[in-house]
Amino acid sequence: DAGITQSPRHKVTETGTPVTLRCHQTENHRYMYWYRQDPGHGLRLIHYSYGVKDTDKGEVSDGYSVSRSKTEDFLLTLESATSSQTSVYFCAISPGGRGTEAFFGQGTRLTVV
Amino acid sequence: GDSVTQMEGPVTLSEEAFLTINCTYTATGYPSLFWYVQYPGEGLQLLLKATKADDKGSNKGFEATYRKETTSFHLEKGSVQVSDSAVYFCALSGTEGGGADGLTFGKGTHLIIQP
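Structure representation (structure tokens):
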């Protein structure tokens, strides 16, 4: 158990509405990540954080923003959800720091209708 | 940028068969390499890793060797079980000067083991 909790686990939302997904870790690890998983694409990095208020973009960051005001929480926001953002979203931590293995949460299945 | 290529499958085998899932990569620098496994409805679990050339990672009967000369990290198991049915992902870590942090994943290989 990596001590990562994602909420909600499932969500259905309408196109154009804002959505926030939460990732909570029980340890004080610096490195946290948001990925999305889609058939035929594997996992792709959306945003990551290397400390409180320190965040950066990943491969597929358009349409997403993140915030990290506390070490244990990393929030992913879809400012105005679109159908192309229907996906499974995973949060991960890297206790060993940059370049080391990641441990994943259980995922959030988001459907935008 | 960094990339990982693996067979997507599905790969269907009979129980006790030998398994190989190929993984090749492109990266600047010297990444660490990983295999993850995902069971239905769950998150990804780290299966094994290797951090430098010629390292062999192993876990639960699975093995993979970091081959720098062929830029490969093929996953093998001598005798698969029905419980090994899952999706397997090959991944590499970001390298110094290699752009964004985080792991780069292959598209995943769906493995089905029949009794």
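If you're matching them up, the sequences are chains A and B in order.
Just so we're aligned, residue 104 is where the first sequence starts under this note's numbering, counting upward by one.
Just so we're aligned, residue 90 is where the second sequence starts under this note's numbering, counting upward by one.
For each residue, glycine too, the CB sits at the ideal point set by N, CA and C.
Under the three-state reduction of DSSP output, SER187(A) falls in the helix class. DSSP places GLN128(A) in the uninterrupted beta strand (DSSP E) bounded by 122 to 128. Residue pairing for MET135(A): DSSP places it in a beta bridge opposite SER152(A) and ILE196(A). In terms of CA proximity to LYS114(A), THR123(A) leads the group ILE107(A), THR108(A) and THR123(A). In the three-state reduction of the DSSP assignment, ASP173(B) falls in the helix class, which pools H, G and I.
In terms of CA proximity to GLU182(A), GLY119(A) leads the group THR189(A), SER110(A) and GLY119(A). Taking GLY195(B) as reference, the option from HIS163(B), VAL171(B) and GLN203(B) with the minimal CA-CA separation is HIS163(B). Taken atom to atom, the span from the alpha-carbon of GLY161(A) to that of ARG139(A) is near 11 Å. Here the alpha carbon of ASN131(A) sits roughly 38 Å from the alpha carbon of THR109(B).
Between the C-alpha atoms of TRP124(B) and CYS179(B) there is a straight-line separation of about 5 Å. For a Cβ distance threshold of 7 Å, residue set GLN209 of chain A lies close to GLU131(B), ordered along the chain.
Below the 9 Å Cβ cutoff, chain A contributes GLU204 and ALA205 as neighbours of PHE123(B), in chain order. Legend: CB atoms of the segment 175 to 195 of chain A lying less than 7 Å from CB atoms of chain B belong to residues PHE193.
Identification of residues in the segment 130 to 161 of chain B having a C-beta nearer than 9 Å to some C-beta of chain A yields GLY130, GLU131, GLY132, LEU133, GLN134, LEU135, LYS138 and THR140, given in sequence order. The three-state reading of DSSP puts ARG156(B) in strand, counting E and B together.
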